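In mature numbering (1 follows the signal peptide of the UniProt record, and there is no 0), the protein residues as written are -26 to -1, 1 to 424.
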């Protein structure tokens, strides 16, 4: 049976027995043959008030195919219409005083009304503070007293095998708790979101768990539940959560700027694998192999070179280029980071001040031979980010494939791109045709590169 990845905000109940060491929260009210048994109940009593249900409603514009008979009889109908929708998801209170609630963007996307229901039954209409579609994070705010916030853990300290507890509202069943372990870290390349650095867990997660909490045995938030892998959108023991550190970086930017301002190094690269390590005689097993450093970028100013292997960020090891890309992007513009770099058999630490995702330029041939003769630049126009074709030589390959000066590239093979780095990462993994989604003035067109 074919498996598929699903976002989990749609609106049974799953239980799981946890055999685990006793934590500071655990009590032992039950004894069997004189031996007391562990329980997570005291910990959950402390934090479940910080996990909420989110009910959304609104309308979406639905486009339909034109019926040729409508034109034949001279009675064409509207090609699009508004359709009402409603949905359920979960959220986590991260600041009790300010009433901040974090959830997934796909839970509240297009919502015109958002009702947050607390564990004690109180209901509040929420205000949207900001969202980030590419990482699937949204920040809401409610005006309420006596809230309970879930304390954040340092997700960089997680290890595979650590116990994890998922709390949410699967299928509308409020405050359902399931347990398991951290199955893997740094999962990416799943094409769920634009920036992926997921925690994988086997704690049972189902439809409606989106935006809910993944916590450790101390009751600290380690992740925001986001997606599941299953044959029919149900739980098969493979769920994904956005790490708490990644979420906090994004939320901090939304609070400060009203939007996410992504960080950028200005490099292209690929994951380090055994074949590449052997070919380059590298004595490291994992990391991000730097293939190119663009001029006048954060990386070039910090002295990073092609052939370097970036093995850590701020002291935390990274598994590959996708993880590096996601962490750099979500750390944000202007942040200072320390990168561990392997070069010439030695490991050194480099301090880098990240650029913003805009303001970086590249020549077209740096990305693909078909772009030769064009100059590309990251831009933000009308609140939309993309890659602008700032110049085109009329006799160049770029002109022959159909690119024109002023075009803004926003998609590559149906994947959203906001920067040259985004575009480069996608193109590197494409072996066949490339289809660019381009905004040209008020029109949207497609450019095929064979």
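Even for Gly, the Cβ is constructed at its ideal location relative to N, Cα and C. Please read all numbers here as calculations on a predicted model, not as lab measurements.
Per-residue DSSP class, three states only, for residue i
i: residue 244; result: strand
i: residue 234; result: coil
i: residue 265; result: strand
i: residue 178; result: coil
i: residue -5; result: Confidence is the limiting factor: at residue -5 the pLDDT is only 40, short of 50, which leaves the residue's position unreliable and the question unanswerable from this model.
i: residue 155; result: strand
i: residue 433; result: The structure shown has nothing for residue 433, since the chain only spans -26 to 424.
i: residue 85; result: strand
i: residue 426; result: Because residue 426 is not part of the residues shown, which for the chain are -26 to 424, the question remains open.
i: residue 421; result: strand
i: residue 279; result: coil
i: residue 93; result: coil
i: residue 70; result: coil
i: residue 348; result: strand
i: residue 338; result: helix
i: residue 124; result: coil
i: residue 260; result: coil
i: residue 29; result: strand
i: residue 367; result: coil
i: residue 173; result: strand
i: residue 224; result: helix
i: residue 294; result: coil
Boundaries (first-last residue) of the alpha helix (DSSP H) holding residue i
i: residue 17; result: 15 to 21
i: residue 372; result: 371 to 375
i: residue 138; result: Run containing residue 138: none in the alpha helix (DSSP H); it sits in the beta strand (DSSP E), 137 to 142.
i: residue 276; result: 272 to 276
Sheet register partners of residue i (DSSP bridge)
i: residue 380; result: Bridge partners of residue 380: none, in fact.
i: residue 102; result: 114
i: residue 12; result: Residue 12 is not bridged to any residue.
i: residue 145; result: Partner(s): none; residue 145 has no beta bridge.
i: residue 217; result: 197
i: residue 362; result: 351, 382
i: residue 34; result: 57
i: residue 75; result: 67, 114
i: residue 133; result: Partner(s): none; residue 133 has no beta bridge.
i: residue 329; result: 238
i: residue 62; result: 29
Proximity below 7 Å, CB of residue i to CB of residue j
i: residue 187; j: residue 121; result: no
i: residue 423; j: residue 375; result: yes
i: residue 196; j: residue 213; result: no
i: residue 74; j: residue 115; result: yes
i: residue 428; j: residue 81; result: Because the chain is modelled from -26 through 424, residue 428 falls outside the range shown and cannot be assessed.
i: residue 181; j: residue 89; result: no
i: residue 175; j: residue 151; result: no
i: residue 285; j: residue 316; result: yes
i: residue 359; j: residue 382; result: no
i: residue 271; j: residue 240; result: yes
i: residue 371; j: residue 347; result: yes
i: residue 177; j: residue 123; result: no
i: residue 258; j: residue 283; result: yes
i: residue 92; j: residue 26; result: yes
i: residue 173; j: residue 215; result: yes
i: residue 304; j: residue 220; result: yes
i: residue 193; j: residue 17; result: yes
i: residue 309; j: residue 411; result: no
Element boundaries [beta strand (DSSP E), containing residue i]
i: residue 396; result: Segment 394 to 402 is the alpha helix (DSSP H) holding residue 396; no beta strand (DSSP E) there.
i: residue 391; result: Unbroken run through residue 391: none, as it is neither H nor E.
i: residue 413; result: 408 to 414
i: residue 169; result: Counting along the chain, residue 169 falls outside any beta strand (DSSP E), and DSSP gives it neither H nor E.
Hey, which unbroken runs of the beta strand (DSSP E) at 3 residues or more fall wholly within the region 299 to 325? 310 to 317
What residue ranges within the region 183 to 212 form continuous beta strand (DSSP E) runs of no fewer than 3 residues, ordered along the chain? 187 to 189, 195 to 204
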